[in-house]
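The next block holds one structure in the form of structure tokens; read it before the comments.
Chains as they are written, first to last, in this note's numbering: chain S, 1 to 149; chain C, 1001 to 1149; chain L, 2001 to 2149; chain P, 3001 to 3149; chain A, 4001 to 4149; chain Y, 5001 to 5149; chain H, 6001 to 6149; chain W, 7001 to 7149; chain F, 8001 to 8149; chain U, 9001 to 9149.
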């Protein structure tokens, strides 16, 4: 009755990665996807297509059942309404400070609508800078227009 | 005893913009700053250098006292812990879903630290796409390393 | 300095409707839109295209500035995380009880994705029934598939 | 002293379904009920009549005690006041944006009352559309009129 | 533009009652309804039928527009999730302590369903008792059975 | 070191009741108390006098230590500030909608004070009604007057 | 239509007290009540008997209507679930740290019941002490025993 | 790796007390401290001096390691912001209703400062009274004056 | 009836400071106190001794009544449980990250007790540093030992 | 599958420290770091450089895997938005009372920016004082200036 859970799969991935001395870049390359998507799917924040689920299972030596679980649509849950980790909080702060600005510029450039968080992709890169290197985050989401009917 | 408040200045800017038929792009160009920064400073989420405060005051025909207020360091307040506006909520959702991923990749690429939300800039652009145009948000923040002492 | 606000416009619409003895069905018909959309735009939960904003302004005898405000993209705010009004709470309860079921069936019928609340429309109708008439709510939203990249 | 709990039964159903490669449509058909009701009862959000509880137990090969538990009136609990899963959040957003509109139209069409969430049923269907298929949710609840006494 | 609001009407009723030295029992008798319903409708927690709205308007000398407002379906709002007033808190405590018990007994006596809070009435009476008089609250609500479909 | 806990006792009672096919009415009759009190004491929301604790222990075949635990004053905890179960929520809604009314009538009938939730009893009964049977809840609590000193 | 409110009365009392250079001890003595009760009634946390309401009105030179308002049963509201003022927070902390202890000792000394907060009185005194004077708070509330029925 | 925790020690104390039929008064007397302090230290809300930790360990027959743990400074945690147990809630209510009064009287009697909750002691006693015995709670805390610098 | 409030005084101080082009350092020097204490008392977070209240009133040209209000013990309120302003949030983050560490070191260095926030003072200084100047915050609070009784 | 977790490492450190009778000062000295940083890294609130992780592992006799875990960037979580432990709460209170003051002085001394909580260090020391020893907390964080772009 004790089937493998998604939490088990996440924990197996983290453990296999640590023991093999792998990086997310490396795992992503091995399965032919981006590091952002690969990490989020490994954490249970995205579902994997069958071939990617099998590729990561093979790469990390996970049991076959893991590949099935990685293909299921996860229920995405975060338990902290305001995240306490300083690295994640700074992103929350950006939404609080600049959210209304992003909204105003989307309306100015596109009309009455939003940026999709579903038809969406993102990258995180390191940009060299003599005053101190910078983190660059690029998000791209499809513009969705409100309906009038 | 009823001095001009920052809320008054924000409301004067919005009203002058509507009456003059201006855009944020246009106002930003007039004062020689980016649209993201210009809007956020106008909303009371950033302080303006003296010359920019005077430029926007002149551009929009605001009273002289407004230029002083725009130079003060604002207390940045947002009252909704979870924003309800769908356009802003999608950004909050991105932080919930991808926050741990951004954290993991920053640690992998830089070490133990964070992306600053203070030494920070951002742009919002429209990217044409045959399947539907896309919103592109680019954030850049200085990497800050944790201290050990 | 005291420009007309969106709250003023909402309150003018409600007052004009009461004095003229109109219904939402009637106002919707007058401007050629559905009652659901018409009410929500009047309440500041949707932006109106220019012609509809002018039509409702003319229908209800509102000042010209109201038509401009009705065309702006509103910031959608609800202040009660859990709504207390019994009529609205029942809808919240439906989301709590049946939300996971709707999610499971969307995944089963479409794949890993969601129903859009932006490319979305809805109707509310009365269905006669000998055991007591029933409220019928029909929602239709575009299916959006998660990206993998 | 360790009797079977309802959580055990839910987990057994999910596991048996996965192993047998069944769908909710298929299980629902096997027990002669709708997919929405079948899923929600399997998740502990509705009680099953005796014959349906026995039918699902037989279909999925569950122990006999499971059929008794499926007949008990469950305590319906959801732990996230605001659901974080994007697919369920969109429904919460619909209640926030359109809740007051649904209320206004119920009052206009019926009088002072509500739509029941108890004497209630719902369906979820896929509607083909050249611009992208759509999710259609139909809810039907008995109108209940407030008492005056 | 400053129409009479429901809050104005509530406040007029309270003021007229105080000045005339009336009781809720007295007002209820004057309009031929129960004290519980009369008070709750006066507070904006129930809508009045036209004849009762006119009766209370006449009884208390309110302006004619008040009678129209008293007939509208109010949006029922309470702002304290946990009420602080000791008299009301005790009722909240009763729900916390005895809520699961009431649920269990309803299921035992009726089946899987609830007591309606819409098709509902209530009385509050004083019962003499040599050890100290007692407050008696009687609630009666229609039993509603859950649907299976 | 693993003594029997109150949660264990509650769970033993529920299990014994299910296996023996008993009802709360039946258990209450067996120990000579009301069903409301019996259920609430079994759930850990009231302490039992020694003879009742022994009677229920004997009736259900519980271990002797259970009788001791049932006599201890429980710490009454409910974890949902706003209950989600629809059957219990309706009672919470009644407090929100009618709480101020009950308060006003207690003050009118008794003076400045409250209804005790400690020196308190309650019954739940089924009332036949041709339009649909009704749930009747009767609460009786001692009136307590505020002190002035 | 702008009747005197309880907030007005509270504010008049505070203003009259400041202007006359009075103390709460002094006002309490003038009306023949304790300082604790006098302050709390003046703040709208207790209702005054008619003679005390008239006495304080006379003492402070308030308008006659104030005496009527001071006799009404106030709705006791505090808006901070956790009080921030350090002087009041320390009391909240005492409840958090010692609440379970007080409960255990009440049960040990009296049985299953509580200390009433209604049939209740309190004093605050200064106790000289060579190591630093101490605040002494004495509370006295009637023991109320839980009912079994 | 499974060292004894403070929770284990608390649970051992409660169990030993129940089995030995002891009271808090009795345990307190055995170790030469007050019942309030003894109970709170046993619950992990105060640290014990070495001799008292050894005395209670000997009295109740606890393992030697328990005496070490009872001497550590505990992290004082309460998980319910608003306590639900009626006996503890009444104390919370007293803070809400009378907190501002206690603050005003401390300021009047001492100056600008607070009552310490650290240099603090308390007793709970039973006071006989023909109208019903009363619970008397006496708190004594050192007055601390705010600094100006 | 509209007496000067503390909020009025705070706002007058801010306005006078802006018009006179003063700094907090300057005002503090003028009244012979530290900048931290001076600012906090001006904001209503500390009470002023009579001579300091008169000094600041004279320095800034405030009305005489302001000096009286500045001497009253303020009720210290902050409305954001988690502060959103980035400058203040960083301090909150320090408490979250390092709070348990400060607690552990206080217990190691002093025993079972706390640092007083009442008998407390603080300074904020600028420290030159070739890698970027640093903010230095020094807090000093009296150690208070827990009582055992 | 049960790898060592960070919680295990924290608990091993606390246990080894207790058994060896060490202090945080002592452990810090042994690894050549400050006590504040050492404790916070041991608690999972900072990552250790490799040599320090190995040093503490050797000092306390932890398994080799612990050294790897101590080098990972932890997710910093605190579960109490408002800390209840009195020693930590006082720090939270300081942020509430003096946060706006610190902000004002940083702006006055540096310009529009903040004190970093990342490029940050802190010490806790005991200062002898005839009126009672004092806790001294010194924080030093790099000043970060807001960007304008």
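Think of the CB as a built atom: it goes at the ideal place given N, C-alpha and C, for glycine as much as any other residue.
Flag residue 4001(A) as yes if its beta-carbon sits less than 7 Å from any beta-carbon of chain H, otherwise no. Here residue 4001(A) refers to the residue found at position 1 when the fifth chain is read from its first residue. Annotation note: pLDDT 40 at residue 4001(A) (below 50); position unreliable, coordinate value reported separately. Residue 4001(A) does not count as touching chain H.
Can you find a CB in chain L that lies within less than 7 Å of the CB of residue 110(S)? Residue numbering aside, residue 110(S) sits at position 110 when the first chain is read from its first letter. Not closer than 7 Å to any Cβ of chain L, the Cβ of residue 110(S) fails to qualify, so no.
Tell me the DSSP secondary structure of residue 4015(A) in three-state form. Position 15 of the fifth chain, counted from the first residue, corresponds to residue 4015(A). Correct three-state label for residue 4015(A): helix.
Three-state secondary structure (DSSP) at residue 1040(C)? By one-based count along the second chain, residue 1040(C) stands at place 40. Residue 1040(C): helix per DSSP, three-state reduction.
Starting from the Cα of residue 8057(F), find the closest Cα among 8019(F), 8012(F) and 8033(F) and give me that residue. Within the ninth chain, numbered from 1, the residue matching residue 8057(F) stands at position 57. Of 8019(F), 8012(F) and 8033(F), the residue nearest in Cα terms is 8012(F).
Quick check on residue 8004(F): does DSSP put it in helix, strand or coil? Against the ninth chain, residue 8004(F) aligns to sequence position 4. Coil at residue 8004(F), not helix or strand.
If we count the other Cβ atoms within 10 Å of its Cβ and call it buried at 16 or more, is residue 7001(W) buried or exposed? Along the eighth chain, read from residue 1 onward, the residue named residue 7001(W) stands at position 1. In this predicted model, residue 7001(W) has a pLDDT of only 40, less than 50, meaning its place in the structure is not dependable; the value taken from the coordinates is given anyway. Its Cβ having fewer than 16 others within 10 Å, residue 7001(W) is exposed.
State yes or no: is the C-beta of residue 7053(W) within less than 7 Å of the C-beta of residue 9015(U)? For the purposes of this step, residue 7053(W) is taken as residue 53 along the eighth chain, with counting starting at 1. For the purposes of this step, residue 9015(U) is taken as residue 15 along the tenth chain, with counting starting at 1. Not a contact, by the Cβ cut-off of 7 Å.
Just how far apart, CA to CA, sit residue 2037(L) and residue 4099(A)? Numbered from 1 along the third chain, position 37 holds the residue referred to as residue 2037(L). Numbered from 1 along the fifth chain, position 99 holds the residue referred to as residue 4099(A). Going from the Cα of residue 2037(L) to the Cα of residue 4099(A) covers about 39 Å.
Let me check one thing: in DSSP terms, what residues is residue 4122(A) bridge-paired to? Against the fifth chain, residue 4122(A) aligns to sequence position 122. DSSP output for residue 4122(A) lists 4139(A) as bridge partner(s).
With 7 Å as the C-beta to C-beta threshold (strictly closer), list the residues of the segment 1081 to 1110 of chain C near chain L in chain order. 1084, 1085 and 1086
Whole-angstrom distance between residue 9049(U) and residue 109(S), CA atom to CA atom: Position 109 of the first chain holds residue 109(S). Position 49 of the tenth chain holds residue 9049(U). Using only the alpha carbons, I get a separation of about 47 Å.
What's the call for residue 1097(C), buried or exposed, on a 16-neighbour Cβ count within 10 Å? On the second chain, residue 1097(C) is found 97 positions in, with the first residue counted as 1. So residue 1097(C) ends up on the buried side.
Which same chain residues, not among the five before or five after residue 1069(C), have their C-beta less than 7 Å away from its C-beta? Taking the first residue of the second chain as position 1, residue 1069(C) is located at position 69. Here the set comprises 1004, 1006 and 1009.
Taking contact to mean 3 or more Cβ pairs, one atom from each stretch, closer than 8 Å, check whether the segment 2127 to 2136 of chain L and the segment 3134 to 3145 of chain P are in contact. yes
Whose CA, out of 6085(H), 6051(H), 6044(H) and 6103(H), lies closest to the CA of residue 5073(Y)? Along the sixth chain, read from residue 1 onward, the residue named residue 5073(Y) stands at position 73. Among 6085(H), 6051(H), 6044(H) and 6103(H), the Cα nearest to that of residue 5073(Y) is on 6103(H).
Top-ranked residue by Cα proximity to residue 7090(W), from 6115(H), 6022(H) and 6131(H): Taking the first residue of the eighth chain as 1, we reach residue 7090(W) at position 90. Answer by Cα proximity: 6115(H).
Near residue 7951(F), which residues of its chain fall below 7 Å by C-beta distance, leaving aside the five closest residues on each side in sequence? No information on residue 7951(F) is available, as it lies outside the stretch 8001 to 8149 that chain F covers here.
Which two residues bound the contiguous alpha helix (DSSP H) that contains residue 4086(A)? Within the fifth chain, the letter at position 86 stands for residue 4086(A). Element bounds for residue 4086(A): 4086 to 4109.
I need the straight-line Cα distance from residue 5087(Y) to residue 7022(W), nearest angstrom please. Translated into the one-based positions of the sixth chain, residue 5087(Y) becomes position 87. Translated into the one-based positions of the eighth chain, residue 7022(W) becomes position 22. One C-alpha to the other measures close to 42 Å.
Rounded to whole angstroms, what's the CA-CA distance from residue 4063(A) to residue 9078(U)? Just pull it up for me. Against the fifth chain, residue 4063(A) aligns to sequence position 63. Against the tenth chain, residue 9078(U) aligns to sequence position 78. One C-alpha to the other measures close to 57 Å.
Hey, does residue 2015(L) have any beta-carbon neighbour from chain A nearer than 7 Å? Working through the third chain from its first residue, we reach residue 2015(L) at position 15. Closer than 7 Å: yes.
Which residues, in order along the segment 2107 to 2139 of chain L, keep a beta-carbon less than 9 Å from a beta-carbon of chain C? 2117 and 2118
Could you name the residues of chain L that residue 63(S) contacts, counting a contact when the two beta carbons are closer than 9 Å? Counting from 1 along the first chain, the entry for residue 63(S) is found at position 63. None at all; the shortest Cβ gap to chain L is about 22 Å.
Using a Cβ cut-off of 8 Å, pull out every chain L residue sitting near residue 3078(P), in sequence order please. In the fourth chain, residue 3078(P) corresponds to position 78, counting from 1. What residue 3078(P) touches in chain L: 2096, 2097 and 2099.
Kindly list, in the order they appear in chain L, the residues whose Cβ is closer than 8 Å to that of residue 33(S). Taking the first residue of the first chain as 1, we reach residue 33(S) at position 33. Near residue 33(S) (Cβ distances below 8 Å), the residues of chain L are 2148 and 2149.
Measure from the C-beta of residue 7024(W) to each C-beta in chain F and report whether the shortest distance is under 7 Å. As a position in the eighth chain, residue 7024(W) is number 24, starting the count at 1. No, because no Cβ of chain F sits closer than 7 Å to the Cβ of residue 7024(W).
Comparing alpha-carbon positions, which option in 31(S), 26(S) and 61(S) lies nearest residue 1105(C)? Position 105 of the second chain, counted from the first residue, corresponds to residue 1105(C). If we check each option's Cα against that of residue 1105(C), 26(S) comes out closest.
Option in 1043(C), 1095(C) and 1144(C) with minimal Cα separation from residue 8131(F): Mapped onto the ninth chain, residue 8131(F) falls at position 131. Of the candidates 1043(C), 1095(C) and 1144(C), the one whose C-alpha sits nearest the C-alpha of residue 8131(F) is 1144(C).
Looking at C-alpha atoms only, which residue of 5020(Y), 5067(Y), 5126(Y) and 5092(Y) is the closest neighbour of residue 5041(Y)? On the sixth chain, position 41 is the one that residue 5041(Y) refers to. The option with the nearest alpha carbon to residue 5041(Y) is 5067(Y).
Would you call residue 7129(W) buried or exposed, if buried means 16 or more other Cβ atoms sit within 10 Å of its Cβ? On the eighth chain, position 129 is the one that residue 7129(W) refers to. Residue 7129(W) is exposed by the Cβ-count criterion.
How should residue 51(S) be labelled, buried or exposed, when 16 other C-beta atoms within 10 angstroms of its C-beta is the threshold for buried? By one-based count along the first chain, residue 51(S) stands at place 51. By the 10 Å Cβ count, residue 51(S) comes out exposed.
I'd like the span of the alpha helix (DSSP H) that includes residue 71(S), first residue to last. Here residue 71(S) is taken as the residue at index 71 of the first chain, counted from 1. Note, residue 71(S): alpha helix (DSSP H), 64 to 71.
Length of the line joining the Cα atoms of residue 4020(A) and residue 7093(W): By 1-based counting over the fifth chain, the position of residue 4020(A) is 20. By 1-based counting over the eighth chain, the position of residue 7093(W) is 93. Looking at the two C-alpha atoms, the distance is approximately 34 Å.
Three-way DSSP call (helix, strand, coil) for residue 6030(H) in this model: Walking along the seventh chain from the start, residue 6030(H) turns up at place 30. Note: residue 6030(H) maps to helix in three-state DSSP.
Cβ of residue 5059(Y) within 7 Å of Cβ of residue 4039(A)? Walking along the sixth chain from the start, residue 5059(Y) turns up at place 59. Walking along the fifth chain from the start, residue 4039(A) turns up at place 39. It is not a contact, given that the beta carbons lie outside the stated cut-off.
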